[in-house]
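Trainee: Residue numbers (this note's numbering): 162 to 244. Idealized CB from N, CA, C, for every residue including glycine.
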Amino acid sequence: MAADPYFGHAFVFRNRRGDRLKLLLWDGLGFWLLYRRLDQGRLHWPKADTGAVELSAAQWAMLVEGRPWTPLPTLEKCTPTLL
Numbered sequence: 162m163a164a165d166p167y168f169g170h171a172f173v174f175r176n177r178r179g180d181r182l183k184l185l186l187w188d189g190l191g192f193w194l195l196y197r198r199l200d201q202g203r204l205h206w207p208k209a210d211t212g213a214v215e216l217s218a219a220q221w222a223m224l225v226e227g228r229p230w231t232p233l234p235t236l237e238k239c240t241p242t243l244l
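1. By the three-class DSSP mapping on this structure, what secondary structure does L224 have?
2. Note down, one range per segment and in chain order, each alpha helix (DSSP H) of at least 4 residues found wholly within the stretch 182-229.
3. Between L190 and P166, what straight-line distance do the alpha-carbon atoms span, to the nearest angstrom?
4. Grab me the residues of P257's own chain with a C-beta within less than 6 Å of its C-beta, minus the 5 sequence neighbours each way, in chain order.
5. For G179, which of L185, F192 and K208 has the nearest alpha-carbon?
Listed below in structure tokens is the structure:
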């Protein structure tokens, strides 16, 4: 299904510097346009090959909190040795 604001999809836009965010959504009566500006830091924005990305609720929460939501690299296994 294509993204449609009337079916609960939200549209999020970020500026080039990555410190401002706009959210467009429909609540059943009208559209809401929310705007957030960070005083410090940048938003960790996902890379999109198609121009659109689907986020889970957890990923969205991490994005607006300014935390990176991409998976952390796995660490190499090491075996303990007795000296």
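Mentor: So, from the data block:
1. The residue given as residue 224 occupies position 63 in the sequence shown. Looking at L224 - three-state DSSP - the assignment turns out to be helix.
2. Fully contained in the stretch 182-229 are the following alpha helix (DSSP H) runs of length 4 or more, in chain order: 218-226.
3. By one-based count along the sequence shown, residue 190 stands at place 29. By one-based count along the sequence shown, residue 166 stands at place 5. In a straight line, the C-alpha of L190 is about 12 Å away from that of P166.
4. For residue 257 there is no data in the structure shown, the boundaries of the chain being 162 and 244.
5. Translated into positions along the sequence shown, residue 179 becomes position 18. The shortest C-alpha to C-alpha distance from G179 to any of L185, F192 and K208 is the one to K208.
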